[in-house]
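Numbering (UniProt numbering), first residue to last: 1 to 368.
C-beta atoms are modelled at their ideal positions from N, C-alpha and C, and glycine is treated no differently.
Values in this document were obtained by computation on a predicted structure and should not be read as measured data.
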Ligand SMILES: [Zn+2]
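Take a look at the structure:
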């Protein structure tokens with residue numbers, strides 16, 4: 001629980017730094033923009049203000065996501081953070097669209113501006129502050145696993161490009177007395193819209209349920225395989241309810257001679273270990289395997305390997321009295337017609353073991 005509160009504290013702290021910095025930048029740019037009568041600089045100021053709003057949304061998102069589970073929402077409110085990513089993405093997109101519109105207006109109706117070296121110095125300092133803020137926010141976001149912080153950090157870096165372009169057009173105006181604001185503006189707005197779309201898809205992808213991070217799933221399997229008595233770990237499923245809260249299930253292969261008491265102890269051990277190490281509530285399913293089936297195991301492995309799209313197999317259990325044989329095949333997403341695939345493999349296995357009823361279960365490749 002201690003980790004959780006540090007994460008929340010750091011995200012909030014980063015957000016507050018962002019808000020203060022952006023309000024300061026907005027005020028500075030608004031003043032020089034109004035004095036120069038330059039729409040580009042005023043617009044730049046409004047953009048900084050929208051970043052402050054992004055930071056406020058990030059903080060509210062983290063606070064709301066910490067709400068304790070209720071009867072109606074027993075999995076907690078962790079996914080609210082993904083919605084704040086989406087809302088911030090919408091703000092980036094709206095900013096991009098507005099920038100594009102403003103820039104085209106400037107190409108069609110060029111306006112006279114009163115840029116001075118003071119304007120250049122203020123905008124120049126704003127760029128330095130903005131880049132530093134963007135890099136800092138993004139690094140914090142990556143460190144504390146906050147998509148919305150990464151999104152607002154990226155937004156800040158994109159915004160520094162706006163200010164750079166503003167500075168370039170101020171410079172071109174001061175040196176050659178040429179107004180190129182509009183053309184640079186269009187180019188920038190395309191970059192902003194692209195960043196907004198990427199953040200939007202990232203947020204949506206989380207809400208839909210994306211493949212769990214390989215680093216975590218590999219670590220979970222390794223941790224379970226270290227427990228004595230576990231012969232293999234398979235079929236790991238993870239459902240996440242926010243970056244800090246996941247529920248899952250997995251299958252372990254164990255010796256078929258273990259007693260119910262031994263199996264009970266083993267599953268308890270796995271569940272407690274995963275809760276302690278990963279804060280994941282895990283349901284453990286058991287596959288009993290007979291050691292004497294080594295020959296069948298090798299033969300079936302060879303058969304399965306010959307089919308493209310198979311990634312492995314496990315859970316082989318052959319009941320020699322009832323003449324039943326069952327196992328799982330792990331397949332990738334290229335196998336579309338599951339039924340005919342199962343029929344084909346079943347008949348191939350039955351060629352080797354004609355006395356047996358063969359039951360095949362297909363496992364999808366849900367995690368690494
Ligand atoms: Zn399986």
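Those residues placing their Cβ nearer than 6 Å to any heavy atom of ligand 1 are, following chain order, 234, 235, 251, 314, 315, 328 and 363.
Uninterrupted beta strand (DSSP E) stretches at least 3 residues long and entirely within the stretch 103–148 do not occur.
Apart from the 5 residues on each side of it in sequence, residue 115 sits with its Cβ closer than 8 Å to the Cβ of 36, 38, 170, 173 and 174 in its chain, given in chain order. In this structure, the CA atom of residue 67 is about 46 Å from the CA atom of residue 342. Taking every protein chain shown into account, the CB of residue 159 has 16 or more other CB atoms within 10 angstroms, so this residue is buried.
Runs of the alpha helix (DSSP H) spanning 4 or more residues and lying entirely within the stretch 244–291 occur at 260–278, in chain order. Counting other Cβ atoms within 10 Å of its Cβ, residue 126 reaches 16 or more and is therefore classed as buried. In the DSSP annotation of this structure, the continuous segment of the beta strand (DSSP E) that includes residue 232 starts and ends at 232–240. Between the stretch 188–208 and the stretch 69–78 there are fewer than three C-beta pairs closer than 8 Å, too few to call the two in contact. In its chain, beyond the 5 residues on either side, 122 have a beta carbon closer than 6 Å to the beta carbon of residue 28.
Residues 233 and 236 of the same chain have their beta carbon placed closer than 7 Å to that of residue 221, with the five preceding and five following residues left out of the count. When the Cα atoms are used, residue 210 and residue 238 turn out to be separated by approximately 10 Å. In the DSSP assignment, residue 325 falls within the unbroken beta strand (DSSP E) covering 324–331.
In the three-state scheme derived from DSSP, where H, G and I count as helix and E and B as strand, residue 101 is classed as helix. For residue 327, the closest C-alpha among the options 283, 335 and 316 is that of 316. Of 198, 142, 362 and 51, the smallest CA-CA separation from residue 334 is found for 362. In the structure shown, residue 359 adopts extended strand secondary structure according to DSSP, grouped into three states.
Distance from the CA of residue 31 to the CA of residue 49, rounded to the nearest whole angstrom, comes to 14 Å. For residue 338, the CB contacts under 6 Å within the same chain, skipping 5 residues up- and downstream, are 362 in chain order. About 7 Å separates the beta carbons of residue 282 and residue 270, which is inside the 8 Å limit, making them a contact pair. Spatial neighbours of residue 10 in its own chain (CB-CB distance under 7 Å, excluding positions within 5 residues in sequence) are listed in chain order as 140 and 144. Per DSSP, residue 314 is one residue of the beta strand (DSSP E) stretching across 310–319. CA-to-CA, the gap between residue 246 and residue 42 works out to about 45 Å.
With distances taken between CA atoms, residue 162 lies nearest to 131 out of 131, 179, 135 and 137. Here the alpha carbons of residue 154 and residue 120 stand approximately 24 Å from one another. Buried is the label assigned to residue 224, since at least 16 other Cβ atoms lie within 10 Å of its Cβ.
For residue 219, the enclosing alpha helix (DSSP H) starts and ends at 214–225. Per DSSP, the continuous alpha helix (DSSP H) segment holding residue 189 begins and ends at 181–208. In the assembly as shown, residue 359 is an exposed residue. Its beta-carbon has fewer than 16 other beta-carbons within 10 Å. Comparing alpha carbon positions, the residue from 112, 58 and 25 closest to residue 16 is 58. Under DSSP, no beta-bridge partner is assigned to residue 158. Residue 40 is not a Cβ neighbour of residue 142, given a cutoff of 9 Å. Within its own chain, the residues whose Cβ lies closer than 6 Å to the Cβ of residue 7, once the five positions on either side in sequence are excluded, are 144, listed in chain order.
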